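One gets this note's numbering by counting positions in the sequence shown from 1 and adding 66 to each.
We treat Cβ as the ideally placed atom computed from N, Cα and C, and that holds for glycine.
Note that the structure is predicted; figures quoted are calculated from it, not measured.
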Amino acid sequence: MTEKIRMATKDDAKAILAIYAPYVKETAITFEYEVPSLIDFEARIIQTLSRYPYLVAQKEDGTIVGYAYAGVYKGRAAYDWSCEVTIYLAKDVKSQGLGTRLYQALEVELQKLNIIQVLACVTAGNIGSIKFHEKLGYEQAGFFSNLGYKFNEWYDVVWLQKTIQPVTIPPKKFIPYKKDLR
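Shown next, in the form of structure tokens:
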């Protein structure tokens, strides 16, 4: 089955949160301690779409089974051409190529904004995610020891980086996505 990839709306927050919640409760893949409220998650989607794309993968029956989005890498103007990317999949659709399709679609959208560098922050013990990113052309750019603490354990973090279009001087102007959902 091929999932439809489309831009998220705040109405997708409940389905997206259902995918995210087990990662918060059961893993150190995210360093969030508590599952966000639905209202907070809706606000996050709206905030993201004010500047970057936020994609969902949806089955033919309408079920959302994954999502990927970009976010601010650093809140300074000189970083406008770089962003952090994030992806989460429902556990029953992993290793079926959906993550690759979501990230490829996200990169296409980011190129339209003149983004050059995409970065992913991964818990160092999450070898599957590191290999997934490397398969897509990401290279390890940084390693931080004992950076996050969750479940009574310290976790190392790996930053991965991918150049998605040529570096130019001067760069093309960054174009915010600006999907207004309010």
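Beta-carbon within less than 8 Å of A207's beta-carbon, same chain only, minus the 5 sequence neighbours each way: which residues are those?
Non-local beta-carbon contacts of A207 in its own chain, meaning distances under 8 Å to residues more than five positions away in sequence, involve L185, W225, L226 and Q227 in chain order.
Of all the options R72, V131 and K70, which has the alpha carbon lying nearest to the alpha carbon of S161?
Nearest of R72, V131 and K70 to S161, Cα basis: V131.
Compare the beta carbon distance of E205 and A123 with 8 Å and say whether it is the shorter of the two.
Not a contact, by the Cβ cut-off of 8 Å.
Considering Y90, what are the terminal residues of the alpha helix (DSSP H) in which it resides?
In the sequence as presented, Tyr is not what sits at residue 90; that position holds Val. Going by DSSP, V90 is part of the alpha helix (DSSP H) stretching over A79 to E92.
Among all the DSSP beta bridges, which residues are the ones paired with Y133?
When DSSP reads this structure, Y133 sits in a beta bridge with V122 and Y154.
From what residue to what residue does the beta strand (DSSP E) around R72 run?
R72: member of the beta strand (DSSP E) spanning K70 to M73, first to last residue.
Among V151, K91 and D106, which residue has its Cα nearest to the Cα of S195?
Answer by Cα proximity: V151.
Using the three-state DSSP reduction, which class does S195 fall into: helix, strand or coil?
Helix.
Which one of F198, K201 and E108 has the shortest CA to CA distance from K80?
Answer by Cα proximity: E108.
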